[in-house]
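Report on the following structure.
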Amino acid sequence: MFRTPTILTAAAVALGLVAPQTDLTPKEIIERVDRVMRGDSSHGVSQMNIVTEHWERELVMEMWSMGTDYSLIRVRSPAREAGTATLMADKDIWNYLPKVDRTIKIPASMMSGAWMGSHFTNDDLVKESQLIEDFDVELTFDGERDGVTVWEFRLTPKPEVAVVWGHIDYRVRQSDYMPLWARYFDEDEELARTMRFSEFKDLGGRTVPTVMDVIPADKPNERTRVIYESIEFDIDLDRSFFSLQTLQRRR
Amino acid sequence: MSGGAWWRIGWRNLERHPKRTVITALGLGVGYFAVVFLVGWMEGIAAEMVENATGLVSGQVEIHHADYRPERSLYDTIGGRDGIDVEATVAEVLADPAVIAAAPRVYGGGLLSSGESTSAGMLMGIDPDLETRLSRFLDELVEGRLPQVGQNEVVIGAELARQLESGVGDELVVMAPGADGSLGNDLFRIAGIYRTGLTELDAAFSVFALEDLQILLTLDPGRIHEVSVSTADPWIAQETADRLAVALTGGGMAPEVVPWTELRPEMVEYVSLIDSFYFIIFAVVFLVAMFGVANTMLMATFERRREFAVMLALGTTPSRIVLAVLYEAVGMAVISLLVGAAVTFPLMIWFHNAPPDMGWLYGELTLMGALMRPSLRVEYNFVIWTQAAFALLATAVLAAVYPAVRAARVPPADTLSGS
């Protein structure tokens, strides 16, 4: 009977009696999950499949990232939008539009706007990288869910931080620190969207979730799916790569 | 004695002190003027507010897809995905006798960028010919001209131009999510700049040729979000909307036709709040007048104590005395009304047709989100005129009741013996 101790442990944890069975703090676990998916730097190709009430489309994107502050995403297909690129550097976002050969800086007021028609917002590109900095992490569950041993965390924004979320619930698989889902709640504590991770595979020398779905709570029939085709980590990238010059380079 | 004789007695008493009569009548007449003019002016403000709010951009009636409001989604075009025959629909709306103008519109949201600066704004596609007949905000551009179809031109508000540090002839990058999910983007040249004085409006709306905006937003030519309608009088918007809804329903189209009274309920409430002030104006003005009249009548009856005593001694019933004084009051009211009308109506006609501009005193001001040019414009209201006339009559008569009763109770013997 292995279950009993687990349940007891879970109860104890819930009551705050004992620390979880790891020497990492909740914050360190989240940090580790985050690092697994990001690396110091990365370069990959992914597909983005967007389904809405009104249309369905598929983008192929090439992405580069460095640390939490720099990333560049360039659309490769469809042909009509190939070359469209987004640069995130520090907390600013620029869009490059190849059709008119112009770069637009996204104003702060549009940070919650959709990125390329997907269910990701511009903010996601920036803020997603700052979970650790902006949120307090609290362990809310430690035990078995659907036959898998998991942790569940609640991320609450620090009082001084301006974020759109009331809190985020996060489930992480204990065996390999893989995220299973994240649920984003708005300021009225209502579920706003769910992010699901699946298809954990070895890619670029480490296990990562290769499929990520975003499902808006108010439109359950819509979703954006990101499928990683390839990814490599800790590559040789320089900060100067994340520049407007690179952004405007058509490929 | 017949009733006519009592009228004559009342009238003679008015004639006996022409100065006093004229001054009292002036008091009441000015009261009449004050009520009619104040109410007319308040109605003028309300009318101006409604006309500005509905005439500037929105129109008095709006026709949308049934689901368009309140989310104003890009996809909810009139007639759904298939769209409509825009020209035929506009013609059908114009066929309604109450409609004086109708214009199709396309809306979208997007980013406008020039150099380093980017602003988010509403993109509005219009038919320049039809639009200028309907709304006023594009009538007088600060600079330039309206966008021409197929030229990728845009007219922006003065505030947005300031934010983007751009002027006529400059290029803007416009980026907007299209109806097929793609990221619409193109270059547009600024053809003109408008200014309404409402900063939020001047920062928000960028105006394109309808067809150009449809291409940017990947909407088919038959897909529009709105037909805006202008009616001859804002207060017939509701019935016009009802008629249009019946006329337009059918053929796969079941649009929502909403009058401004539904879109701007707070403005309707404000107007009815103004209406409720009328009673207060009536009460204040005529109450003040009433004490003035009562005072005069008390004096007039007091100095005729002996006269009343003689009449009573000769066998006149007290009720006849009361009647005589009241007739006098009615006579006073009639003179007052004539004086009041002589003062009021020429001024009303003047201020209605050529209201003096008060802009030099206040500048432009906004009320309930409507831009107002302060003026002394007055509105006609025949009901109020009649009500005020009756109120004046009632004031004079009520004010005379106490003096009349006093007069009827004069003790004849004591008064005549001089004590």
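Keeping their order, the protein sequence lines are chains A and B.
Numbering-wise, this note's numbering comes out as the position in the first sequence, counting from 1, plus 209.
Numbering-wise, this note's numbering comes out as the position in the second sequence, counting from 1, plus 1449.
Note that CB positions come from ideal geometry on N, CA and C, so glycine has one too.
- Per the C-alpha coordinates, the member of B:Val1788, B:Ala1690, B:Met1702, B:Arg1855 positioned closest to Arg1755 (chain B) is B:Arg1855.
- With distances taken between CA atoms, Glu1614 (chain B) lies nearest to B:Ser1568 out of B:Asp1545, B:Ser1568, B:Thr1750, B:Ala1474.
- B:Ala1837 is the residue among B:Ser1679, B:Val1488, B:Ala1837, B:Ala1857 whose C-alpha sits nearest the C-alpha of Val1783 (chain B).
- The C-beta separation of Val1510 (chain B) from Val1706 (chain B) comes to about 6 Å, placing the pair in contact by the 8 Å criterion.
- Neighbours of Lys308 (chain A) across chain B, judged by C-beta separation under 8 Å: Asn1634, Asp1635.
- Gly1633 (chain B) has B:Ala1625 as its beta-bridge partners, per DSSP.
- The segment 1478 to 1491 of chain B makes contact with the segment 1720 to 1737 of chain B; the number of CB pairs closer than 8 Å reaches 3 or more.
- Annotation for Val417 (chain A): the continuous beta strand (DSSP E) segment containing it runs 415 to 425.
- Looking at the DSSP output, Leu1647 (chain B) bridges to nothing.
- Taking a beta-carbon distance threshold of 8 Å, Lys314 (chain A) counts as an interface residue toward chain B.
- Under DSSP, Lys314 (chain A) shares a beta bridge with A:Trp303.
- Taking 7 Å as the Cβ-Cβ cut-off, the segment 275 to 301 of chain A approaches chain B at Arg289, Glu290, Thr293, given in chain order.
- Within the DSSP secondary-structure output, Gln256 (chain A) pairs in a beta bridge with A:Val269, A:Ile436.
- In the displayed model, Ser1785 (chain B) falls within a helix according to three-state DSSP.
- Contact annotation for Ser1568 (chain B) against chain A: Pro316 [CB-CB distance below 7 Å, chain order].
- Its chain contains Ala1845, Val1846, Ala1849 as the residues whose beta carbon lies nearer than 6 Å to that of Ala1778 (chain B), once the 5 sequence neighbours on both sides are disregarded; these appear in chain order.
- Collapsing the DSSP output to three states places Met1807 (chain B) in coil.
- When the five nearest sequence neighbours on each side are left out, the beta carbons in the same chain lying within less than 7 Å of the beta carbon of Ser255 (chain A) are those of Met270, Met272, Val435, Ile436, Tyr437, Glu438, in order along the chain.
- In the three-state reduction of the DSSP assignment, Lys367 (chain A) falls in the coil class, being assigned neither a helical nor a strand state.
- Here Leu1662 (chain B) carries a helix assignment [DSSP, helix/strand/coil].
- Excluding the 5 residues flanking it on each side, Ser274 (chain A) has same chain C-beta neighbours closer than 6 Å at Ser251, Ser280, in chain order.
- Residue contact check for Asn331 (chain A) against chain B: no CB pair falls below 8 Å.
- Membership of Thr1667 (chain B) in any beta strand (DSSP E) is not indicated, and neither H nor E is assigned to it by DSSP.
- Within chain B, the residues placing a beta-carbon under 8 Å from that of Trp264 (chain A) are Ala1628, Asp1629, Gly1630, ordered along the chain.
- In terms of Cα proximity to Asp447 (chain A), the closest of A:Glu237, A:Gly276, A:Phe344 is A:Gly276.
- In this structure, the CA atom of Phe394 (chain A) is about 20 Å from the CA atom of Pro235 (chain A).
- Close to chain A, meaning a Cβ-Cβ distance shorter than 7 Å, is no residue of the segment 1680 to 1714 of chain B at all.
- Secondary structure note for Arg1611 (chain B): it is in no beta strand (DSSP E), and the uninterrupted alpha helix (DSSP H) holding it is 1607 to 1613.
- Relative to Ile1833 (chain B), the option among B:Val1484, B:Lys1468, B:Glu1464, B:Arg1465 whose CA is nearest is B:Val1484.
- At least one beta carbon of chain B lies nearer than 8 Å to the beta carbon of Met325 (chain A).
- Ranking A:Ala426, A:Gln454, A:Phe406, A:Asp411 by CA distance to the CA of Val420 (chain A) puts A:Phe406 first.
- Chain-ordered, the chain A residues with CB closer than 8 Å to the CB of Tyr1524 (chain B) read Glu262, His263.
- In this chain, the alpha helix (DSSP H) harbouring Gly1476 (chain B) covers 1467 to 1502.
- Under the three-state reduction of DSSP, Thr277 (chain A) is assigned to coil, being neither helix nor strand.
- According to DSSP, His263 (chain A) shares a beta bridge with no other residue.
- Taking Asn1634 (chain B) as reference, the option from A:Met325, A:Glu408, A:Leu340 with the minimal CA-CA separation is A:Met325.
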